[in-house]
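Numbering (numbering that gives the first Met the number 0), first residue to last: 0 to 148. Don't be surprised by glycine CBs; every beta carbon is placed ideally from N, CA and C. Quick caveat, the model's predicted, so the values are computed rather than measured. Only one structure is covered here, and it is reproduced in the block below.
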Amino acid sequence: MDSIVEQVERLAKSLLLSEGMELVDITYGHKQGRWVLSLFVDKEGGIGIEDCVAISREFGDVLDVKDIMPDSYSLLVSSPGPDRPLKQKEDFNRFKKQKVRIKANSLLEGRKSFKGVLLGYEDEMVRVQEGDKIHTIPYNSIATARLDM
């Protein structure tokens, strides 16, 4: 059986695609004594508060009908913000020439953290320029990657 996050992700992607939006990230956890489900969404040209409110209402209704949430929860919908996470392989080409921060899940070139200008993704590798040096990071070694505004 799929986890709650996997089920939510499938439902959210379907709804957001029909609205011309994309799912950037999902978090689900216990915060300050209650369960919180957070969706981070975006679209071409950026997302506004009206978009977040509309998606929150629509997706809240979908979750009520599907009845997959085991406990009461709060649903939060927001933009990914200026330090947007890079999750999909396509993100690394979409945000070429942007400043990024990447953390590896093991030592690469004697370190785990890289900060520089994103050069893109190709052949399962992400390239980042840090000053005069170009780092080549295996995609499957990336623990987290974010835009660095």
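Cβ-Cβ distance between residue i and residue j below 7 Å
i, j, result
"THR143", "LYS102", "yes"
"LEU118", "ARG126", "yes"
"PRO81", "MET124", "no"
"TYR27", "VAL61", "no"
Residue i, buried or exposed, once every other Cβ within 10 Å from all chains shown has been counted against 16
i, result
"GLU21", "buried"
"ILE133", "exposed"
"ASP41", "buried"
"LEU36", "buried"
Whole-angstrom distance between residue j and residue i, CA atom to CA atom
i, j, result
"SER73", "GLY47", "20 Å"
"CYS51", "SER78", "8 Å"
"PHE113", "PRO84", "15 Å"
"GLN128", "SER140", "17 Å"
"PHE58", "ASP90", "24 Å"
"LEU14", "GLY45", "17 Å"
"ALA11", "LYS30", "22 Å"
Residue i, enclosing alpha helix (DSSP H) - first and last residue
i, result
"ILE54", "48-65"
"ARG9", "3-17"
"ARG93", "90-93"
Limits of the unbroken beta strand (DSSP E) element including residue i
i, result
"ARG100", "98-107"
"ASP41", "33-41"
"PRO79", "Counting along the chain, PRO79 falls outside any beta strand (DSSP E), and DSSP gives it neither H nor E."
"GLU129", "124-129"
In DSSP terms, what residue i is bridged to
i, result
"VAL23", "None; VAL23 has no bridge partner."
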